[in-house]
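Trainee:
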Amino acid sequence: MTALTANVIADNAVTIVDGLAFGVLLFVIALGLSLVFGVMDVLNLAHGAIYLVGAYIAVALIGGGTTLTLVAFVGAIIAAAVIGGLGGWGLSAMVRPVAGRGHLDQALLTLGIALVVADLISMQFGNEVQTIPAPTGLDGSATIFGQSYPVYRLVVIVVGGLLAVGALYVIERTRVGSLVRASVVDPEMVSALGVDTKKLVAGVFAAGAALAAAGGVIGGPILSAYPGLDNHVLLLGLVVVVIGGLGSVSGALVGALLIGQIETLGVSLLPSHASFLVFGAMGLVLLLRPQGLLGQKEAPA
Numbered sequence: 388m389t390a391l392t393a394n395v396i397a398d399n400a401v402t403i404v405d406g407l408a409f410g411v412l413l414f415v416i417a418l419g420l421s422l423v424f425g426v427m428d429v430l431n432l433a434h435g436a437i438y439l440v441g442a443y444i445a446v447a448l449i450g451g452g453t454t455l456t457l458v459a460f461v462g463a464i465i466a467a468a469v470i471g472g473l474g475g476w477g478l479s480a481m482v483r484p485v486a487g488r489g490h491l492d493q494a495l496l497t498l499g500i501a502l503v504v505a506d507l508i509s510m511q512f513g514n515e516v517q518t519i520p521a522p523t524g525l526d527g528s529a530t531i532f533g534q535s536y537p538v539y540r541l542v543v544i545v546v547g548g549l550l551a552v553g554a555l556y557v558i559e560r561t562r563v564g565s566l567v568r569a570s571v572v573d574p575e576m577v578s579a580l581g582v583d584t585k586k587l588v589a590g591v592f593a594a595g596a597a598l599a600a601a602g603g604v605i606g607g608p609i610l611s612a613y614p615g616l617d618n619h620v621l622l623l624g625l626v627v628v629v630i631g632g633l634g635s636v637s638g639a640l641v642g643a644l645l646i647g648q649i650e651t652l653g654v655s656l657l658p659s660h661a662s663f664l665v666f667g668a669m670g671l672v673l674l675l676r677p678q679g680l681l682g683q684k685e686a687p688a
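Under this note's numbering, the residues of the sequence shown are numbered 388 to 688, in order.
#1: Classify N514 as buried or exposed, calling it buried when 16 or more other Cβ atoms lie within 10 Å of its own Cβ.
#2: What residue does the beta strand (DSSP E) around I531 start on, and which one ends it?
#3: Excluding five sequence neighbours on each side, which residues of the same chain lie with their C-beta closer than 6 Å to the C-beta of Y539?
#4: Can you say whether Q511 is buried or exposed, counting buried as having 16 or more other CB atoms within 10 angstroms of its CB?
#5: Enumerate in chain order the residues of its own chain whose CB-to-CB distance from V542 is below 6 Å, with the five nearest sequence positions on each side excluded.
#6: Counting C-beta neighbours from all protein chains within 10 Å, is the total for F409 16 or more, i.e. buried, or is it exposed?
#7: Please confirm if the segment 589-604 is in contact with the segment 429-442, defined as three or more CB-CB distances below 8 Å between the two stretches.
#8: Just the C-alpha distance for G419 and G425, rounded to the nearest angstrom, thanks.
#9: From the DSSP secondary-structure annotation, give me the bridge partner or partners of L535.
#10: So, I630 versus A668, is the Cβ gap smaller than 8 Å?
#11: Mapping the DSSP letters down to three states, classify A393 as helix, strand or coil.
#12: Just the C-alpha distance for L587 and L657, rounded to the nearest angstrom, thanks.
#13: What does the Cβ neighbour count give for H434, buried or exposed, with the cut at 16 atoms within 10 Å?
#14: Quick check on the DSSP output: what are the complete alpha helix (DSSP H) runs of length 4 or more inside the segment 440-482, in order along the chain?
#15: Report buried or exposed for A442, applying the criterion of at least 16 other Cβ atoms within 10 angstroms of its Cβ.
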């Protein structure tokens with residue numbers, strides 16, 4: 388094996404690790420979007436704006452470009468999750484009147500909210516790209532495949548993996564998770580059993596928004612923060628949901644990891660066609676399995 392071939396293999400291996408980090412970040416973002424769409428049948432186009440709020444919470448805390456301590460960074464994640472959860476709870480109340488009126492009304496309402504939030508952020512922070520440094524202690528580099536690689540991204544992979552395990556446990560092994568899964572399949576039956584579905588869906592909405600806002604802080608050192616990022620994140624989140632299947636936690640994980648690899652490898656190997664590869668993958672999945680990779684087929688009427 389020549390030195391050139393070894394370098395090419397090492398470069399691609401690092402890109403694959405990069406895709407894994409981006410994939411677990413997409414999972415954090417898309418999980419809430421998938422459950423809200425699956426449980427409430429609400430197309431929430433404000434989900435990307437909630438992510439952007441989390442990113443700019445980190446921007447507000449770093450102020451003049453200072454690096455946060457690890458404790459302060461974790462505090463920023465918690466603060467973003469709380470603010471996002473409260474925002475999600477309020478958003479669920481706002482969309483409830485249009486929940487049964489079709490996806491067009493839902494899309495228009497949540498898109499309007501997203502535009503207002505994005506404009507308010509631009510007024511406060513401007514339109515420049517805001518870089519967010521990794522917290523102290525995680526801002527160094529490690530050597531993988533003979534190349535230097537940011538420690539922070541490796542930590543994101545670990546944290547995302549733990550979150551995936553935790554989410555799967557809650558959804559698959561707990562009573563709350565059983566109610567959520569049942570609401571995806573048959574919300575009328577869950578309501579007939581005496582469960583307050585309004586509180587259930589509001590809780591799912593709040594949890595999804597909390598994850599999105601926390602993801603904004605976590606993803607800050609990777610994606611930075613800038614106007615328009617919310618649209619990019621929302622678009623990728625919707626692709627993940629479509630590929631994985633509505634309301635499926637494991638589907639969201641598989642879809643996010645798949646899109647993470649396609650996005651990073653596409654940018655590295657075919658930069659001018661990267662977006663086409665992402666949507667091509669979605670189109671292929673829809674062609675072969677319309678309900679998504681791990682989604683359930685709708686019962687015949």
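Backbone N, C-alpha and C define an ideal beta-carbon position, used for all residues, glycine too.
Mentor: This is what the structure gives:
#1: exposed
#2: S528 to I531
#3: Result list for Y539: A521, L525 and P608, in chain order.
#4: exposed
#5: Excluding five sequence positions before and after V542, the CB atoms of its chain that fall closer than 6 Å to its own CB belong to L525, given in chain order.
#6: buried
#7: yes
#8: 10 Å
#9: Reading the sequence as shown, one finds Ser at residue 535 and not Leu. According to DSSP, which records beta bridges pairwise, S535 is partnered with T530.
#10: yes
#11: In this prediction, A393 has a pLDDT of 47, which is less than 50 and means its spatial position is unreliable; what the coordinates show is noted afterwards. Here A393 sits in helix by DSSP.
#12: 44 Å
#13: buried
#14: Runs found: 457-482.
#15: buried
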